[in-house]
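One structure is given here, and the rest of the page talks about it.
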Amino acid sequence: MHRITTAPVAPIPARTRWAVAAGAGAALAAAWWLGDTAPYPYAQRGLLDVPLPFLTADRIDAVLRPRPGERILEIGPGTGLQSLHVAPQLGPEGRLDVLDIQQEMLDHVMCRAERDVRQGTSAGQRSGRARCQRAGCRQRPEA
Numbered sequence: 001m002h003r004i005t006t007a008p009v010a011p012i013p014a015r016t017r018w019a020v021a022a023g024a025g026a027a028l029a030a031a032w033w034l035g036d037t038a039p040y041p042y043a044q045r046g047l048l049d050v051p052l053p054f055l056t057a058d059r060i061d062a063v064l065r066p067r068p069g070e071r072i073l074e075i076g077p078g079t080g081l082q083s084l085h086v087a088p089q090l091g092p093e094g095r096l097d098v099l100d101i102q103q104e105m106l107d108h109v110m111c112r113a114e115r116d117v118r119q120g121t122s123a124g125q126r127s128g129r130a131r132c133q134r135a136g137c138r139q140r141p142e143a
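All residue numbers for the sequence shown refer to full-length UniProt numbering, where the first residue is 1 and numbers rise by one.
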């Protein structure tokens, strides 16, 4: 009979175990997040204002390239963080339309725009041409 021997296995450091657990947790959270098609609850709106390193104002500008006089439609604006960044670039003849199925989110966007007007920020200079409308997926904004 042959005797099988194995080399002693070193214990896995706690730091490595935590890293593996965190990675698995992040993968599960991403799978849940990407698979969830429901609107983001208004009660958790604060999470929508957390800066995302891959969604910056410069990248939004590079993709949209907003120009004065254009009309832009955003569906599901969340709290308006990106929407109100784009609005001033449309100039006095342009218009930003935002649609959402949650009236609370639309109210939040308009409150943010009005606050920007009071504070004199660039987004607030154009809030008069930002229009919010509640709509489902089978409705379109009025011309």
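Using N, Cα and C, we set each Cβ at its ideal position, and we do this for glycine too.
Three-state secondary structure (DSSP) at R3?
coil
Apart from the five residues just before and just after G69, which ones in its own chain have a Cβ nearer than 8 Å to its Cβ?
L90, G91, E93, G94
Assign E114 to one of three DSSP states: helix, strand, or coil.
E114 falls in the helix class under three-state DSSP.
Measure the C-alpha to C-alpha separation of D116 and A27 and round it to an integer number of angstroms.
37 Å
With a threshold of 16 other CB atoms inside 10 Å of the CB of A113, please say whether the residue is buried or exposed.
buried
State the DSSP-derived secondary structure class of A10, mapped to helix, strand or coil.
Judged by DSSP in its simplified three-state form, A10 adopts coil rather than helix or strand.
DSSP three-state assignment for T79, whether helix, strand or coil:
coil
Using beta-carbon positions only, say whether P77 and L99 come within less than 9 Å of one another.
yes
Under the three-state DSSP convention, the category Y42 falls into
helix
Quick one: what's got a C-beta closer than 6 Å to I75's C-beta in the same chain, skipping five residues either side?
L99
One question on the structure: do M105 and R65 come within less than 9 Å of each other, judged by their Cβ atoms?
no
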